[in-house]
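As numbered in mature numbering (1 follows the signal peptide of the UniProt record, and there is no 0), residues -28 to -1, 1 to 510 make up the sequence shown, in order.
For reference, the structure discussed in these notes is given below.
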Amino acid sequence: MSTSMKRNRLAILLVSVFFVLTNWSAFAKKAEPELVKQEEGYYYGYGKGATAAEAEFAGKRDLVESALTAALRSVNPKAPRVQVSDASVKARITDIKPYSQSKKNEPPAVTYRMKIVDWDKKEKLYTDALRADLSARLATSKSKKNPADKLSGAVAILEKLVDEGETELLSAVPDGTELLSRRAEALCTDVTKNLGFTFSVKDGIVNASTKFSIKVADTSGNAAGGLPVTVTWEAADLPTDAGEVADVRTLIKADALGTISVAFPADENFRNRAVTLTVQTALAKSVPSSAVLKKLDTQTIADAHYVRFDDINAAFPSVVVPEGEFNAGAVPQDTRAQKKEAAHTVSTVSYAIDVTPVTNARYAAFLHTTRAESAPDYFDNPDYNQGKQPVVAVSYSDAEAYAAWLSEQTGFTYRLPTEEEWEKAARAGADIIYPWGDENPTDGKRANYKGNGKFTKTSPVGSFENGNNAWGLVDMSGNVAEWTSSSHGIEGETNLRTVKGGSWMDGPTELRISNYRNINSQNGYADVGFRLVKDVSE
């Protein structure tokens, strides 16, 4: 016991008397008849069970826990009742006989009592030996080179202190005030603050053949071989076109080299969506009652952000547009064309263009793997943030950033189309007013436009199959207008960029292929999205 505890002997006595009286009162209500009359200067233990042996052991446990609780509450009156392991009870109570017990024809019940002064003598011998053993183990743990060995030694000491009910009682030195548990926790703190996890695969797109591993070592390069960690796969809270999926959590130990091998979850709903791989120490698994270890586990968290596409071409489908000339601008039969849409001939190289506008799900993968600090407006609005809806409220530079990311991840060169490239793809080799032909969008409801009668916001891409063009491109007109890299009719530097295709906020006239409008590229709009083109080699 520490000096402060000795000075509080009177407090212990008073607490113990109160404790045993209240504890016995609860016991007596359940066990009849009352077995003993309480006396001051003693610790009592009461037990009952299905057998005499069970009752005796329960009584011994109650005696040990009552004595330890009285000691703890002498310095912390609000402390919870101390609990100890079976092994601790057996080690502490070896030669005591029942003070009172039930008769043979009554349910087994037993009472033990021990003078407080006798308990203190025995407990001092017991805790002195315990302190010496644990202090030596702590010193050995500190001397280890492997960080995991340091931690496992310290955690084992904390676990032992819990079993013995001494976490908040056993001082680091005889009659000292510092607890031994605090020294063990301090070692854990010192080691974990220098630990680091290194992922073999950096943030980005992965596929079925990607092999994942994590290295754990301290800042001096010492591998934490054998370190227990918790590895978790979880779906990011972002728009997706995949199904619901539960987290996959695994408790694993690093190998001798500090390597943690990780498998991607088998559930297909983890594919084609933004996911996070998280790793952290699992120290509190051994000592769940330790708030310090729980905090350290949280502080060691490291993560990687991925999206898995097993077929990159299926994930980002495109159509190759052949090189050559085509007629841009208004077609002769378009009576609603304006002078600014004058017909002209344009020649392009071959390129591939996305089949659909970029969806929220694909844009979410970009935001997640680049750890973007902000998301577009409407990304938290359920009317606009469904996985298969086109992303909106992205500025021109946002779209360019997405293209740069996708280029880096795939090895292809992605970019925004020019106005002419967009028109050529929309016409699919024909001189037509709309992507599907010359028929008005109202004929058969071919697009998502203002007043279409089906949607009053953006629609999932491909919702109007009879609005697809001859090359299979969807939503080239309606749903969202799309950024191009052009600034129609403007020379010199400008913030204006041309958008094409019309949107869910426009009427049928604005959905014509030759129609365009110039808007501020620095802003995002609720009806403007984008699709990309990919450079191809002939």
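For glycine and all other residues, C-beta sits at the position ideal for the given N, C-alpha and C.
Note to self: Going by beta-carbon coordinates alone, are Ala226 and Leu199 separated by less than 8 Å?
What the structure shows: A contact, by the Cβ cut-off of 8 Å.
Margin query: Just to confirm the assignment, what range does the alpha helix (DSSP H) spanning Glu131 have?
Written below: From DSSP, the alpha helix (DSSP H) with Glu131 extends over 119 to 136.
Notebook entry, point to check: What span of residues does the beta strand (DSSP E) with Gly296 cover, start to end?
Noted result: Residues 296 to 300.
Next item on the list: Return the first residue and the last residue of the alpha helix (DSSP H) that Lys267 is part of.
Entry: From DSSP, the alpha helix (DSSP H) with Lys267 extends over 263 to 271.
Item checked: Supposed close pair Lys422, Gly496 - CB separation, criterion 8 Å -> Lys422 to Gly496, Cβ: 20 Å. No contact.
Checklist line | Where the alpha helix (DSSP H) through Gly479 begins and ends | finding: First-last for Gly479: undefined, no H or E at that position.
Margin query: Tell me the residue span of the alpha helix (DSSP H) that contains Val163.
Written below: Bounds of the alpha helix (DSSP H) holding Val163 are 152 to 164.
Check: What is the DSSP secondary structure of Lys87, reduced to helix, strand or coil?
Finding: Assigned with DSSP and collapsed to three states, Lys87 falls in strand.
Notebook entry, point to check: Distance, Cα to Cα, Ala337 vs Tyr356?
Noted result: Within the model, the alpha-carbon separation for Ala337 versus Tyr356 is close to 17 Å.
Check: Given that a residue counts as buried once 16 or more other Cβ atoms are within 10 Å of its Cβ, and exposed if not, what is Met(-24)?
Finding: A caution first: Met(-24) carries a pLDDT of 44, below 50, which makes its placement in the model unreliable, though a value can still be read off. Around the CB of Met(-24), 16 or more other CB atoms lie within 10 Å, so the residue is classed as buried.
Check: Alpha carbon to alpha carbon, what distance is there between His340 and Ala194?
Finding: The displayed chain sequence assigns Asn, not Ala, to residue 194. Here the alpha carbons of His340 and Asn194 stand approximately 31 Å from one another.
Margin query: Please list the terminal residues of the continuous beta strand (DSSP E) segment that includes Phe502.
Written below: Segment: none, Phe502 is in no beta strand (DSSP E) and carries neither H nor E.
Check: When you compare each of Lys174, Ala246, Asn118, Glu157 to Asp190 by their alpha carbons, which one comes out closest?
Finding: Closest option to Asp190, judged by alpha-carbon separation, among Lys174, Ala246, Asn118, Glu157: Asn118.
Next item on the list: State the Cα-Cα distance for the pair Ser107 and Leu152, rounded to the nearest angstrom.
Entry: Our two residues, Ser107 and Leu152, have alpha carbons roughly 8 Å apart in a direct line.
Checklist line | DSSP bridge partner residues for Gly176 (one or two, in chain order) | finding: Gly176 is bridged by DSSP to Tyr278.
Margin query: Counting C-beta neighbours from all protein chains within 10 Å, is the total for Leu504 16 or more, i.e. buried, or is it exposed?
Written below: Classification for Leu504: buried.
Notebook entry, point to check: Since Asn492 is in the beta strand (DSSP E), which residue starts that stretch and which ends it?
Noted result: Boundaries of the beta strand (DSSP E) around Asn492: 488 to 492.
Check: Counting along the chain, where does the beta strand (DSSP E) carrying Tyr16 start and finish?
Finding: Unbroken beta strand (DSSP E) run through Tyr16: 14 to 20.
Check: Candidates Val54, Gly17, Pro80, Ala59: which alpha carbon is nearest Ile68's?
Finding: Ile68 has its Cα closest to that of Gly17, out of Val54, Gly17, Pro80, Ala59.
Check: The beta strand (DSSP E) spanning Thr204 covers which residue range?
Finding: Per DSSP, Thr204 belongs to the beta strand (DSSP E) from 200 to 207.
Checklist line | From Phe236, Thr470, Asp447, Thr466, residue whose alpha carbon lies closest to that of Ser458 | finding: Cα-wise, what sits closest to Ser458 is Thr470.
Check: In this structure, does DSSP put residue 512 in helix, strand or coil?
Finding: Coverage of the chain is limited to positions -28 through 510, which leaves residue 512 absent and any answer about it impossible.
Check: Opposite Glu454 in the DSSP bridges: which residues?
Finding: Partner(s): Lys472, Gly501.
Check: From Pro237 to Val173, what does the alpha carbon distance come to, in whole angstroms?
Finding: Each residue's Cα considered, the two are about 16 Å apart.
Margin query: Please identify the residue among Thr66, Glu140, Ile273 whose C-alpha is closest to the C-alpha of Arg45.
Written below: Among Thr66, Glu140, Ile273, the Cα nearest to that of Arg45 is on Glu140.
Item checked: Limits of the unbroken beta strand (DSSP E) element including Ala246 -> It spans 246 to 253 - the beta strand (DSSP E) in which Ala246 sits, taken as one unbroken run.
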